[in-house]
Amino acid sequence: MLHVRRIIRKGCHYSLFAKKQLQSTANETNDDVTTVDKEKIKSLDKQVAFLGRRSKKPIQQSIYAYKKINNTYYDWMFAVNKVVIPRDDLYRPLILRNVVKQILRYMSDSYFDFEQWLTFRDYLVKKDIGISRLFDGVFLHECVDHQRYLMALSYIDFLRKEDIELTPTGLAMLLLLARQMDIKSQYADIKISEDELLKAYDEFIKIQPIPDSLLTLPIISGLTLTRKWKESIKHLPILENDLESMQTALGYILTAAAKYHDYNFFFQLIDNVSQTEEIRIRKRRDRTLNYHDKSNESIKTTMTKNKKGIRTPFLTHMPLKMLKESDYYLISKTSQAYETFTNYLTGDKQMQINSLKKLLEKSQHNGYIPPLGFVQALEKKLKEIDQDKYRCDHIYFAPNGVSTNNQSCLPSIELNEDESQLLHRYVQDNFVDLIRKNCPSMTNDINKLENIHQCLIEKKVDVIFDCVHYPLLELDWSNRYPLYVKRILQQIVHEKEKTCLVLAKAHIEDYINQLDIQNTHVIRAHYETGHSALPILVALFNGPQTLLASAIDQRPFKSILEIKHVALLDQWIQTHQLVAIVKPDLVYLQAPCVYSTQVHMQEKQWLIPYYDGSPLADAEKVNRWFRVQIT
Numbered sequence: 029m030l031h032v033r034r035i036i037r038k039g040c041h042y043s044l045f046a047k048k049q050l051q052s053t054a055n056e057t058n059d060d061v062t063t064v065d066k067e068k069i070k071s072l073d074k075q076v077a078f079l080g081r082r083s084k085k086p087i088q089q090s091i092y093a094y095k096k097i098n099n100t101y102y103d104w105m106f107a108v109n110k111v112v113i114p115r116d117d118l119y120r121p122l123i124l125r126n127v128v129k130q131i132l133r134y135m136s137d138s139y140f141d142f143e144q145w146l147t148f149r150d151y152l153v154k155k156d157i158g159i160s161r162l163f164d165g166v167f168l169h170e171c172v173d174h175q176r177y178l179m180a181l182s183y184i185d186f187l188r189k190e191d192i193e194l195t196p197t198g199l200a201m202l203l204l205l206a207r208q209m210d211i212k213s214q215y216a217d218i219k220i221s222e223d224e225l226l227k228a229y230d231e232f233i234k235i236q237p238i239p240d241s242l243l244t245l246p247i248i249s250g251l252t253l254t255r256k257w258k259e260s261i262k263h264l265p266i267l268e269n270d271l272e273s274m275q276t277a278l279g280y281i282l283t284a285a286a287k288y289h290d291y292n293f294f295f296q297l298i299d300n301v302s303q304t305e306e307i308r309i310r311k312r313r314d315r316t317l318n319y320h321d322k323s324n325e326s327i328k329t330t331m332t333k334n335k336k337g338i339r340t341p342f343l344t345h346m347p348l349k350m351l352k353e354s355d356y357y358l359i360s361k362t363s364q365a366y367e368t369f370t371n372y373l374t375g376d377k378q379m380q381i382n383s384l385k386k387l388l389e390k391s392q393h394n395g396y397i398p399p400l401g402f403v404q405a406l407e408k409k410l411k412e413i414d415q416d417k418y419r420c421d422h423i424y425f426a427p428n429g430v431s432t433n434n435q436s437c438l439p440s441i442e443l444n445e446d447e448s449q450l451l452h453r454y455v456q457d458n459f460v461d462l463i464r465k466n467c468p469s470m471t472n473d474i475n476k477l478e479n480i481h482q483c484l485i486e487k488k489v490d491v492i493f494d495c496v497h498y499p500l501l502e503l504d505w506s507n508r509y510p511l512y513v514k515r516i517l518q519q520i521v522h523e524k525e526k527t528c529l530v531l532a533k534a535h536i537e538d539y540i541n542q543l544d545i546q547n548t549h550v551i552r553a554h555y556e557t558g559h560s561a562l563p564i565l566v567a568l569f570n571g572p573q574t575l576l577a578s579a580i581d582q583r584p585f586k587s588i589l590e591i592k593h594v595a596l597l598d599q600w601i602q603t604h605q606l607v608a609i610v611k612p613d614l615v616y617l618q619a620p621c622v623y624s625t626q627v628h629m630q631e632k633q634w635l636i637p638y639y640d641g642s643p644l645a646d647a648e649k650v651n652r653w654f655r656v657q658i659t
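Numbered continuously in this note's numbering, the sequence shown closes out at residue 659.
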């Protein structure tokens, strides 16, 4: 194999050398390269390309990555010739869907004329792929699904000119296509008329009076662009079992209500959405609680029947991970509803101001985080109404809720004394059982567990330092980690003047004892695979106001207590965890955020978080806010 590689490398070098010799000879004599020399250079280029390629495996092209300016007849031929038809025993729609995906891999998104589509369909028949109404529906669905919008629109125009009726799938894709072109700015010049959309909707209802669950959302997405947008409300029950589609559909309806100035319906639907979400989350908690109770009962029965008497460790928080908490409601899933409401707001200036204030009041009451587009649209709208009267600016807040200019302060979300004592007493009363359930490795040494319990009773500290979980370090671990531990301890004890209790493994315990730092105590923790709930349990046992310094996010452990304490524990973690930040040249503790990220009203001014509501970002870390004064 090595000998073959050397031959290929030598051949490639020889071809490159011969090509350079021809070009240098032409440059020295100041003559034009002859036709024969051009042919030689082309042949040498082919040799270099062939010899330089080490694998004959074809390069896989992404369905989104293949981009060309225009498609020609030869592109169609190339795409169709690349099709590999699956086995004949497969379901016919699956075969067609697979064929269309292979064709779209080699075709870019562009508008095709009548002759091109006619040639394409004839070539499909020639290659025994065939055309049918089923193919038309599958082709349009795949074009929209893979963002070939211009291709889908031109194919619909072709079918209309040929007097070929669209299938229900094709009609639904036409409505969805209108929504996609309305959202994306690059298609601003292309608009599907409202009469065309209403005609497509009427044709669909004649064929299929009740849409199925897959076509309901495309129907609603296009119908809400027309004056008959309220008819889409009757199709919402079909999406009852699809939460994601229901959220998107409600966003489209809210956008339509704002566009057609039905503000009473807009605010009424926002209230209904908020109430529905509260009911849904409460029912989900009840289902999780029932599942949790049944699991505990089954384990108790198993332990009773176990003749050997071996206790099987059970992680209480594992089933509770099914509980998905949300800091934002359905309205925040779509950034278009708020923005459209602001952009389409017309009429008397005072009426516009009252509508905007009402929208902010609803957001404050329901706990919504308005999307970023709404903040930008609100600033633009207020400048259009009266640039001098309404003041808009951006303000920054520290983690303690105080602005950098010391002129504003956000309300704190810290637990009150009774709530903190509730968590503290619960962990104190059930500490041993909680350790056994959530830290299985510690149950093997009962004496060690009792020693930890006794040590926590005797020593009360201000900060618990979690050395059980390691931070993500880019440099050498053995040299870097002791420096990380030393820097954190110095910051806690010397800079903040706090007493500290460290949970560490044996080698870190010896290292900390060698440092001889005052007001520092160490407890040796057992090794556990994965993340452990020991640090948060120790912090809650130590005291209600104890801070927890840890390099990992502790929020996954918010369900280690009873289900009724999930919200309280989540709030406690947010306001009591000191996150250890480790960078190549810096190690420090990040203070917890103690203010609520939502719309606030303070002294005739509104404070709106500059945050897009995305679940991929942390709402608690928003420090930039938009302040607007509306009197």
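Virtual Cβ for every residue (Gly too), placed ideally from N, Cα, C.
Here's the rule: buried if 16 or more other CB atoms are within 10 angstroms of the residue's CB, otherwise exposed. What is residue i?
i: residue 432; result: exposed
i: residue 652; result: exposed
i: residue 370; result: buried
i: residue 597; result: buried
i: residue 608; result: buried
i: residue 186; result: buried
i: residue 439; result: exposed
i: residue 620; result: buried
i: residue 428; result: exposed
i: residue 587; result: buried
i: residue 482; result: exposed
i: residue 382; result: exposed
Using 8 angstroms for Cβ pairs, my map puts residue i next to residue j. What's the rounded Cβ distance?
i: residue 562; j: residue 467; result: 5 angstroms
i: residue 134; j: residue 110; result: 6 angstroms
i: residue 388; j: residue 627; result: 6 angstroms
i: residue 112; j: residue 130; result: 7 angstroms
i: residue 529; j: residue 585; result: Actually they do not touch by this definition, with Cβ atoms about 18 angstroms apart.
i: residue 198; j: residue 165; result: 5 angstroms
i: residue 254; j: residue 231; result: Contact doesn't hold; Cβ gap of about 14 angstroms is too wide.
i: residue 162; j: residue 121; result: 6 angstroms
Does the beta-carbon distance from residue i to residue j come in below 9 angstroms?
i: residue 521; j: residue 548; result: yes
i: residue 435; j: residue 572; result: no
i: residue 225; j: residue 245; result: no
i: residue 423; j: residue 207; result: no
i: residue 137; j: residue 176; result: yes
i: residue 220; j: residue 196; result: no
i: residue 125; j: residue 170; result: yes
i: residue 455; j: residue 589; result: yes
i: residue 406; j: residue 636; result: yes
Using only alpha-carbon positions, find the residue among the options that is nearest to residue i.
i: residue 437; options: 443, 426, 446, 445; result: 426
i: residue 618; options: 630, 516, 288, 272; result: 516
i: residue 614; options: 407, 139, 202, 514; result: 514
i: residue 580; options: 497, 633, 611, 621; result: 497
i: residue 603; options: 616, 625, 483; result: 625
i: residue 421; options: 408, 141, 543; result: 408
i: residue 184; options: 210, 228, 223; result: 228
i: residue 570; options: 114, 277, 490, 385; result: 490
i: residue 511; options: 232, 610, 163; result: 610
i: residue 391; options: 376, 631, 301, 451; result: 301
From residue i to residue j, what does the alpha carbon distance come to, in whole angstroms?
i: residue 274; j: residue 366; result: 18 angstroms
i: residue 509; j: residue 523; result: 20 angstroms
i: residue 286; j: residue 263; result: 20 angstroms
i: residue 268; j: residue 241; result: 9 angstroms
i: residue 657; j: residue 298; result: 24 angstroms
i: residue 238; j: residue 257; result: 17 angstroms
i: residue 249; j: residue 280; result: 6 angstroms
i: residue 638; j: residue 575; result: 28 angstroms
i: residue 148; j: residue 272; result: 37 angstroms
i: residue 160; j: residue 168; result: 13 angstroms
i: residue 507; j: residue 400; result: 44 angstroms
i: residue 418; j: residue 216; result: 31 angstroms
i: residue 293; j: residue 500; result: 50 angstroms
i: residue 108; j: residue 594; result: 57 angstroms
i: residue 564; j: residue 591; result: 17 angstroms
i: residue 191; j: residue 200; result: 18 angstroms
i: residue 296; j: residue 266; result: 21 angstroms
i: residue 540; j: residue 532; result: 9 angstroms
i: residue 612; j: residue 605; result: 22 angstroms
Does the beta carbon of residue i sit closer than 9 angstroms to a beta carbon anywhere in chain D?
i: residue 143; result: The displayed structure is made up of one protein chain only, and chain D is not part of it.
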